[in-house]
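Asker: Protein chains in written order, with this note's numbering: chain A, 14 to 329; chain B, 14 to 329; chain C, 14 to 329.
Backbone N, C-alpha and C define an ideal beta-carbon position, used for all residues, glycine too.
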Amino acid sequence: MKNFITINDLPNFKKCVENALIYKIDPFIHNGIGKNKTIGLLFFNPSLRTRLSTQLAAQNLGLNIMVMNLSTETWALEFEDGTKMSGIRSEHVKEAAAVISQYCDIIGIRAFANLTDKNKDEAEIVLNSFSKYAKKPILNMESSTSHPLQAIADAITIKENMPKHKPKVVLTWAPHPKALPHAVGNSFTRMINHIDADYYIAQPEGYELDSRITKNAKITYNQSEALENADFVYAKNWASYSNYGQILKTDNEWMLTKEKMKITNNAKFMHCLPVRRNIIVSDEVLDNKNSLVIQQANNRTFAAQSVIKLLIDGIS
Amino acid sequence: MKNFITINDLPNFKKCVENALIYKIDPFIHNGIGKNKTIGLLFFNPSLRTRLSTQLAAQNLGLNIMVMNLSTETWALEFEDGTKMSGIRSEHVKEAAAVISQYCDIIGIRAFANLTDKNKDEAEIVLNSFSKYAKKPILNMESSTSHPLQAIADAITIKENMPKHKPKVVLTWAPHPKALPHAVGNSFTRMINHIDADYYIAQPEGYELDSRITKNAKITYNQSEALENADFVYAKNWASYSNYGQILKTDNEWMLTKEKMKITNNAKFMHCLPVRRNIIVSDEVLDNKNSLVIQQANNRTFAAQSVIKLLIDGIS
Amino acid sequence: MKNFITINDLPNFKKCVENALIYKIDPFIHNGIGKNKTIGLLFFNPSLRTRLSTQLAAQNLGLNIMVMNLSTETWALEFEDGTKMSGIRSEHVKEAAAVISQYCDIIGIRAFANLTDKNKDEAEIVLNSFSKYAKKPILNMESSTSHPLQAIADAITIKENMPKHKPKVVLTWAPHPKALPHAVGNSFTRMINHIDADYYIAQPEGYELDSRITKNAKITYNQSEALENADFVYAKNWASYSNYGQILKTDNEWMLTKEKMKITNNAKFMHCLPVRRNIIVSDEVLDNKNSLVIQQANNRTFAAQSVIKLLIDGIS
C-alpha cells in the first residue's frame, strides 16, 4: 500500500481487520520489520488515543519514532501556492514536506477540519500537500474529512461483538457545545459498506452528512426509529454539513440516555472518544457493561499496526 | 509492588535504597526486563529532573517510553463525577485513564497541588483517579501531597554522606515569591522515619506542615535552634498548610546564608531543585562544596530505576 | 572532540565532510557506538530540520534520545550571576546544566540570538553557560552567533555539486519581515574558508556582517556584481549587525529572482530553510531544478551524524 488516506486505500479491508486481531493476540510477531526505519508522527491538533496508540503500534513493529507538534514546536506552515509569505507563516509546506520526507520512511499526519471553508476542508489541503510533496507513504491520523484508523478499530470492535444475526447498526448524531468535524461519521459510514449490516443514520434536520458518502445508508430524522431493535449504537456529534460548520441545535433532545437504549436490542454503545458525559451520552449508558468505548480505543493500536505493516510492506 | 503512590508502598525501604546504589554502579544490569513493555509518562506540570531522570531510568531497564504533556498535547480532562461536560474539559478521566492503561504497562503521573482547596488536594484527585480507572501500576512523579521519588533520592544522598554518629537532620522552611505545595516536605519527613536520625523541622508560625505527617519530628519556630550542630540542612519553601495555600511571610529572614550555616556541624546543604538563588538560599551556600543538590538530582535516576524495577516485578 | 560549538572545533573539517558522505551511503555502519549512551536535545526555540535530522542522526548511531522544549516543558532559566531570583525564572542554569549533564552523555542546545543586546548575544550566554556547568560534550544546534551543523551540511552539498573549475560562491542578503540572527551567515562564511572558492558577500549598506568573520570574503553592496558568473548563490536574511538587530530595508529590491539568476553561471541556489517564498526568493528560483535547498536539508542528518560520532569518540 502506497498511502493510507482513507479506508478505500486498503487492498483488502477484511484482511486488514484480521491482521489487526492477530496483532491483538501477539503484538510482537513482526517486531523486526521496522528495523532502521523511522516513522514521523506530525500533530497539527490535540490527540490522546491516536498519538499513543500509533506510537505503540510503531514500537511493536520495531520502527523508530519521531513525534512533532506542528503548532508549538516548529514553524507555522503556509499551504497556499504563489503567496508572498510576509505574515506569520514562515515555511511553505512544499519545503517542509519534502524535507521531512528525507528524514522519515513513513509520515503520519493529524490535521482537523477548520469548519469555516467547505472547499478547503474537502480539498484536504494539509494531508494532500504532504502527500504531494513528501514522496513517502502518508498515514492519515485524522484529517479534515476522514478518520480511517478509527473506522478500522470500530470494525474490529464490531467483529468482536458480532451477534449471530445480521446486525442493525445505528450512527446517531448527538449534541455538543462546539462545532465538530464530520471525519468520524464519514469514515464509520464508509467502513460499514464492508460489513453485512442494516445501517441507519439518524440526525436532526440540517445535520445530514455528505450524501455522496451516506448513499447506502438508511437516513432518518427520527432517532427512536433508528434505535428501535438496534444492535450497535454509535453516537457522535458533528456540525452541519449543508450549513457548513454551523451549530443548529443546542438542546439535549438527542442525548443518548438509558431510556432510549431500552428500545434497542440490548445494543452495544460505541463512541470514538473523547466523549462529553451527560451531553453526548448519559453516565448510565457510558458506564454500562454494554459500552464498547474502551475496547474501541484499545483496538486503535492494532488497527494502526495492521495499517503501518502494509505501509512498510509497500516500501520494503 | 502494585502502585507507587507514597514511600509507604515500598515493600522494603532500605532494600529500595540499596538497589538504587547498585544501579548507580551499573545502570544496565537489568536492561532486558523492560523488553516489550511500555511506560507512559504523563505530565500535568513542568518538570526537568523528574522528566529526564525517570525517562533515563526507564531506558536503563529497557522499557519503551511514551511521554505526554497533558496540558498542551491532548484534551483537557474532567475529574468530577456526574458533571454535565459542557465546558472546556472535553474528556473525562474515567475514559482517559482506562484508555491509556491499555497502551501502557506502567503509568507515571505528575500533578501538582492547586493550593486552593485542601480537601481536593488531599484527595489526590488526579493520581487517585488514574489509579482507580487505569488498572495498571501508577508511578507518582510528584502529586499534590507527596514526592516520593525525590524522598528516595534524598535518602540515597544522605546514606552516601552519612557521618559516623547519629546525624541531626533539619528541614527548614525558606522564603519564596510564589505559593508552593507541601509535597517535598511531606515526603522527606515520611522518609526520615526510615533513617536513624534526630529530625527537626523549623518554620515560622503558621507554616507548620500537616501534623499527622510530622508527628515524629521535633518542631520549632526557631531556625537557629534547629540549625545548631546540624549535619544535614534541607531548605524548602511551602505555603501555609493551616491557612491553606497562603503566603504569610515575604521577607528574607529565613533565607539560608553562610552565617547561619556556621552554627551547624559543617552541615551538608540539601534542596530538591529548582531553587531560587538568594531567595531560598544564598549563592555562597549553594556553591559551597557542602552542597549536595546536584548529587540529589543525580540520585533521582537510580531512585526511579529502583522503583520502576519493583513495578515491573509486580506485573511480570 | 570535546565540544562542538563552531566548525573551528572540528579536528579536521574535510574528514568530517567525508565521513558525512559515508553515512549518506550507509547510515548504520556505526549503529552500535551509541549503545547505552544518551543524547539530550534541548530546544529554546522552534526547530524542524535541526530537531528531526539530529534525532535521526543520533538514532543512526544507536544513541538513546531525550528531547526537551525548554520554553514550554520545564522551568524558565536564569542565566545572570548573583541575581536575587524573585521573578519568573525559577531555576538557574548553574543547577539546570549540572543536573542535565548527569542524565546525558551529550547535550545538544538550540538557543537563538535575542537581537536586542549585541554583547549578550556574542557572549553566547546559553551555550556557554551549559558548556561551563554541564561538564559533558555540547552540540551546537544553532546558537546566537553560529549554526555550524548547517554549515557542514552546506559544505557537503557544495561538494556534491562542485564544478570542475574553482567556483564563485555568493552569499547574498535578502529581505525578510522579521529581524533574523546572523548565525547562518557567520557559519557559512567560516565554512567557506575550508573550500577552494572565490567568495563574495553582497548586502545593502548597513547590513555588513561582523568583519572579524568576513575578513577573507569579497564584500560588495552591489548584488549584480556578486551574482555575475556565480556558481552558487546562497540567499539569507539577517538584521543589521552594526545597528544591532534593526531592520533597515523593507522593500523587495534584493529578493532573488529568475531574472537575477540569469547573470549567474547557471548557479545553484542555496538556503538553509525555512524560507519565505516571494520575499527572500521567488517561486521560480526555489522550484527550479538548480535549487539545492532540499538536498541541503537532507545533508543535515549526515552532518549531525558525523559530528556526533566525533563527540562519542571523545567520551569513549
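In chain C, which residues lie less than 7 angstroms from N332/B when you measure between Cβ atoms?
Answerer: Any answer about residue 332/B is impossible in this case: the structure gives chain B only from 14 up to 329.
Asker: Thinking C-alpha only, which one of A243/C, V298/C, S60/C, N311/C is nearest P40/C?
Answerer: Numbered from its first residue, the third sequence carries residue 40/C at position 27. Comparing Cα positions, the closest option is N311/C.
Asker: Check this for me: beta carbons of L65/B and A316/B, under 9 angstroms apart or not?
Answerer: Taking the first residue of the second sequence as 1, we reach residue 65/B at position 52. Taking the first residue of the second sequence as 1, we reach residue 316/B at position 303. No, they are not a contact pair.
Asker: Return the residue from the list I165/C, L152/C, K271/C, N199/C that minimises the CA-CA distance to S224/C.
Answerer: Working through the third sequence from its first residue, we reach residue 224/C at position 211. If we check each option's Cα against that of S224/C, N199/C comes out closest.
Asker: Is it right to say G53/C is buried, meaning 16 or more other beta carbons lie within 10 angstroms of its own, or is it exposed?
Answerer: The residue given as residue 53/C occupies position 40 in the third sequence. Label assigned to G53/C: buried.
Asker: Mind pulling the chain C residues with CB within less than 8 angstroms of I292/B?
Answerer: Sequence index remark: in the second sequence, residue 292/B carries index 279 (1-based). Neighbours of I292/B on chain C, chain order: K97, M98, S99.
Asker: Check whether chain B comes within 9 angstroms of N127/C, counting only Cβ atoms and requiring the distance to be less than that.
Answerer: The residue given as residue 127/C occupies position 114 in the third sequence. Chain B, which has no Cβ nearer than 9 angstroms to the Cβ of N127/C, makes this no.
Asker: Pull up the distance between the alpha-carbon of L69/A and that of M154/A, whole angstroms please.
Answerer: The residue you call residue 69/A lines up with position 56 of the first sequence. The residue you call residue 154/A lines up with position 141 of the first sequence. In a straight line, the C-alpha of L69/A is about 14 angstroms away from that of M154/A.
Asker: Return yes when the Cβ of W251/C is within less than 9 angstroms of the Cβ of L222/C, no when it is not.
Answerer: What you label residue 222/C is simply residue 209 of the third sequence in a count that begins at 1. What you label residue 251/C is simply residue 238 of the third sequence in a count that begins at 1. It is a contact, given that the beta carbons lie within the stated cut-off.
Asker: At 3 residues or longer, what runs of the beta strand (DSSP E) sit wholly inside the region 24–81 of chain A?
Answerer: Complete beta strand (DSSP E) runs here, min 3: 51–56.
Asker: Does any residue of chain A have a CB that is nearer than 9 angstroms to the CB of A111/B?
Answerer: Translated into positions along the second sequence, residue 111/B becomes position 98. Yes, contact with chain A.
Asker: Does the beta carbon of K107/B sit closer than 9 angstroms to a beta carbon anywhere in chain A?
Answerer: Along the second sequence, read from residue 1 onward, the residue named residue 107/B stands at position 94. Yes - at least one Cβ of chain A is within 9 angstroms of the one on K107/B.
Asker: If you draw a straight line from the alpha carbon of V246/C to that of K181/C, how long is it in whole angstroms?
Answerer: As a working note, residue 246/C is residue 233 in the third sequence. As a working note, residue 181/C is residue 168 in the third sequence. Taking the straight line from one Cα to the other gives about 9 angstroms.
Asker: Distance, Cα to Cα, V320/B vs T85/C?
Answerer: In the second sequence, counting from the first residue as 1, residue 320/B sits at position 307. In the third sequence, counting from the first residue as 1, residue 85/C sits at position 72. Taking the straight line joining both Cα atoms gives about 28 angstroms.
Asker: Taking the straight line between their C-alpha atoms, what separation do you get for A196/A and V139/A?
Answerer: By one-based count along the first sequence, residue 196/A stands at place 183. By one-based count along the first sequence, residue 139/A stands at place 126. About 14 angstroms.
Asker: Leaving out five residues before and five after G47/B in sequence, what residues of the same chain have Cβ atoms less than 6 angstroms from its Cβ?
Answerer: For the purposes of this step, residue 47/B is taken as residue 34 along the second sequence, with counting starting at 1. L74, G75, L76.
Asker: Which residues mark the beginning and the end of the beta strand (DSSP E) in which G121/C is found?
Answerer: Position 108 of the third sequence, counted from the start, is the residue given in the question as residue 121/C. Residues 119–123.
Asker: Which residues of chain A have a Cβ atom closer than 8 angstroms to the Cβ of T87/B, listed in chain order?
Answerer: Working through the second sequence from its first residue, we reach residue 87/B at position 74. Per Cβ cutoff of 8 angstroms: P59, S60, L61, R64.
Asker: Return the bridge partner residues of S304/C from the DSSP annotation.
Answerer: Locating residue 304/C in the third sequence gives position 291, counting from the first residue. For S304/C, which the question treats as bridged, DSSP gives the partners F282/C.
Asker: Put K231/A into one of helix, strand or coil per three-state DSSP.
Answerer: Stepping through the first sequence from its first residue, residue 231/A is reached at position 218. Three-state result, K231/A: strand.
Asker: What does the alpha-carbon distance come out to for the pair T270/C and Y220/C?
Answerer: Taking the first residue of the third sequence as position 1, residue 270/C is located at position 257. Taking the first residue of the third sequence as position 1, residue 220/C is located at position 207. If I take the Cα positions, the gap works out to 20 angstroms.
Asker: Would a C-beta distance cut-off of 9 angstroms place T263/B and L240/B closer than the cut-off?
Answerer: Position 250 of the second sequence, counted from the start, is the residue given in the question as residue 263/B. Position 227 of the second sequence, counted from the start, is the residue given in the question as residue 240/B. Going by C-beta atoms, T263/B is not nearer than 9 angstroms to L240/B.
Asker: Tell me D223/C's beta-bridge partners as DSSP assigns them.
Answerer: The residue labelled residue 223/C in the question sits at position 210 within the third sequence. Bridge partners of D223/C: none, in fact.
Asker: Quick check: what's the CA-CA separation for K133/A versus S295/B?
Answerer: Within the first sequence, the letter at position 120 stands for residue 133/A. Within the second sequence, the letter at position 282 stands for residue 295/B. Taking the straight line joining both Cα atoms gives about 59 angstroms.
Asker: Please confirm whether Q72/A has its beta-carbon closer than 9 angstroms to some beta-carbon of chain B.
Answerer: Numbered from its first residue, the first sequence carries residue 72/A at position 59. Yes, contact with chain B.
Asker: In the DSSP output, which residue or residues are listed as bridge partners for R290/B?
Answerer: Within the second sequence, numbered from 1, the residue matching residue 290/B stands at position 277. BP columns for R290/B point to V294/B.
Asker: Residues in its own chain within less than 6 angstroms of T170/C by CB, not counting five upstream and five downstream?
Answerer: Here residue 170/C refers to the residue found at position 157 when the third sequence is read from its first residue. If we look at T170/C and ignore the five residues flanking it on each side, its Cβ neighbours are L305, Q308, Q309, N312.
Asker: Run down chain C in chain order and give the residues with a C-beta less than 7 angstroms from the C-beta of N77/A.
Answerer: On the first sequence, position 64 is the one that residue 77/A refers to. Those are Q72, listed as they occur along chain C.
Asker: For the region 118–176 of chain C, list the beta strand (DSSP E) runs that are entirely contained and at least 3 residues long, ordered along the chain.
Answerer: Segments of the beta strand (DSSP E) lying fully in the region 118–176 of chain C: 119–123, 151–153.
Asker: Using the DSSP secondary-structure output, state which residues sit across from H105/A in a beta bridge.
Answerer: To locate residue 105/A, count along the first sequence from 1; it is residue 92. Bridge partners of H105/A: E91/A.
Asker: Select from the region 154–166 of chain A all residues with a C-beta closer than 8 angstroms to any C-beta belonging to chain B, and list them in chain order.
Answerer: Here the close residues number zero.
Asker: Take every Cβ of the region 283–297 of chain B, pair it with every Cβ of the region 97–110 of chain C, and state whether three or more of those distances are shorter than 8 angstroms.
Answerer: Segments in contact, yes.
Asker: Which term fits K249/B, buried or exposed, when burial requires 16 or more other beta carbons within 10 angstroms of its beta carbon?
Answerer: Within the second sequence, numbered from 1, the residue matching residue 249/B stands at position 236. Under this definition K249/B is a buried residue.
Asker: State yes or no: is the beta carbon of Q318/C nearer than 9 angstroms to at least one beta carbon in chain A?
Answerer: Taking the first residue of the third sequence as 1, we reach residue 318/C at position 305. No, because no Cβ of chain A sits closer than 9 angstroms to the Cβ of Q318/C.
Asker: Check whether the Cβ atoms of P150/C and K15/C lie closer than 9 angstroms to each other.
Answerer: Your numbering for residue 150/C matches position 137 in the third sequence. Your numbering for residue 15/C matches position 2 in the third sequence. Yes, these two residues count as a Cβ contact at 9 angstroms.
Asker: Find the nearest neighbour of Y174/A within the set N303/A, I113/A, P59/A, L324/A, judged by alpha-carbon distance.
Answerer: Residue 174/A sits at position 161 when you count from the first residue of the first sequence. The amino acid occupying residue 174/A in the given sequence is Asn; Tyr does not appear at that position. Nearest option by C-alpha distance: N303/A.
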